[in-house]
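All remarks here apply to the structure that follows.
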Amino acid sequence: MDRVDVAYIIGAVLGKEDVGGVRVAYSTYTTTLGKWVRDPDSVVQYLVSIGKAEILKSGSGRSVLLTDKELINRVSRLLTPKEDADPLTIVLDGIRKLANPLSGYADVGEVIKYIEDRLEIPTKEAEEFLIKVIKFHRARFVFAHGGSRRLKIGSTYYGLIKVVGDAEGTGS
749 MDRVDVAYII GAVLGKEDVG GVRVAYSTYT TTLGKWVRDP DSVVQYLVSI
799 GKAEILKSGS GRSVLLTDKE LINRVSRLLT PKEDADPLTI VLDGIRKLAN
849 PLSGYADVGE VIKYIEDRLE IPTKEAEEFL IKVIKFHRAR FVFAHGGSRR
899 LKIGSTYYGL IKVVGDAEGT GS
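FYI, the numbering for the sequence shown is 749 to 920, going by this note's numbering.
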């Protein structure tokens, strides 16, 4: 972790969302930043010079505006605890939200994307997550051919998945 990351973490904790990014009172920011870096004023000047911050007049004082949205989002994900949810519930919610209203089947590729977005994990991990849930709760799902992406379930590749509403128990 470099000084830019430290500066953004402190800014995300102390600051408030603003139109252009995250805004923090200059004196509070540099005082807190000074606990982790030797010269907090030079770090602020460095952030301004590389275009990741601005110094703004704020009433009778100044404030720092952290402007790198991508870095702010990355830091926010680090600071926000991940959602603890039951894996089966996540998969069932995804299938039910994405299912075709007439057939009840959801595209496996879309379900993987839903899991990816919900858990903020890479595609490969989302695919493995879905396969594990399917294998453990096999009796709760029905599969069909088609779809934009196929998963190998047993000895066949399927691209559509449906929840069986009244099924109970776990698979093999």
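Don't be surprised by glycine CBs; every beta carbon is placed ideally from N, CA and C.
### Message
On the CB-based measure, 16 or more other CB atoms within 10 Å of its CB, does Ile758 come out buried or exposed?
### Response
buried
### Task
Taking Tyr906 as part of the beta strand (DSSP E), name the residues at either end of that continuous run.
Thr904 to Tyr906
### Task
Give the secondary structure of Ile803 by DSSP, where H, G and I count as helix, E and B as strand, and everything else as coil.
strand
### Task
Enumerate in chain order the residues of its own chain whose CB-to-CB distance from Gly907 is below 8 Å, with the five nearest sequence positions on each side excluded.
Asp855, Val856, Gly857, Ala892, His893, Gly894, Gly895, Ser896, Arg897, Arg898 and Leu899
### Query
Helix, strand or coil: which one does DSSP assign to Ser797?
helix
### Query
With a Cβ-Cβ cutoff of 8 Å, do Lys805 and Thr815 count as a contact?
no
#### Entry: Ile879 versus Arg822 - alpha carbon distance
28 Å
### Task
Helix, strand or coil for Tyr765, going by three-state DSSP, please let me know.
According to the sequence provided, residue 765 is Glu. The question's Tyr does not apply to it. Strand at Glu765.
### Query
Pro935 and Phe889: beta carbons closer than 8 Å?
The displayed coordinates of the chain run from 749 to 920. Any statement about residue 935 would go beyond what the structure contains.
### Task
State the start and end residues of the unbroken beta strand (DSSP E) segment that holds Gly809.
Gly809 to Leu814
### Query
Hey, Ile803 and Ala760: beta-carbon distance below 8 Å or not?
no
### Query
Leaving out the 5 sequence neighbours to the left and right, which residues in its chain are closer than 7 Å to Ile957 when beta-carbon positions are compared?
Since the first residue shown for the chain is 749 and the last is 920, residue 957 is missing from the structure and cannot be characterised.
#### Entry: Delimiting residues of the beta strand (DSSP E) encompassing Ala892
Phe889 to Ala892
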